[in-house]
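Numbering (the numbering used here), first residue to last: 479 to 543. Here a beta-carbon is modelled for each residue, glycine too, at the ideal position from N, C-alpha and C. Just so we're clear, the structure is a prediction, and the values are computed from it rather than from any experiment. Notes to accompany the following structure.
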């Protein structure tokens, strides 16, 4: 789980990437791509993801809308 603020968060796993804009009350699918870890550096503009075999990605927090 990568928490952006009290309302926005992104989760990832082997079944895909989902995010919430309302503190976890509802979730939206972002992608079916598999990742193992998500990190958001405080004050950053991207959430970084890593998966198997060196797979990496970054998602702009502005895409969480």
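Under the rule that 16 or more other beta-carbon atoms within 10 Å means buried, what is residue i, buried or exposed?
i	result
residue 516	buried
residue 498	buried
residue 545	Past the boundaries of the shown model lies residue 545; the chain is included only from 479 to 543, so the question cannot be answered.
Since residue i and residue j are thought to touch, with beta carbons under 8 Å apart, how far apart are those beta carbons, to the nearest angstrom?
i	j	result
residue 481	residue 518	7 Å
residue 501	residue 484	6 Å
residue 539	residue 526	No, residue 539 and residue 526 are not in contact; Cβ-Cβ is about 11 Å, not under 8 Å.
Any idea what DSSP makes of residue i, helix, strand or coil?
i	result
residue 521	coil
residue 509	strand
residue 494	strand
Figure out for me which residue from the options has the closest Cα to the Cα of residue i.
i	options	result
residue 536	495, 483 and 485	495
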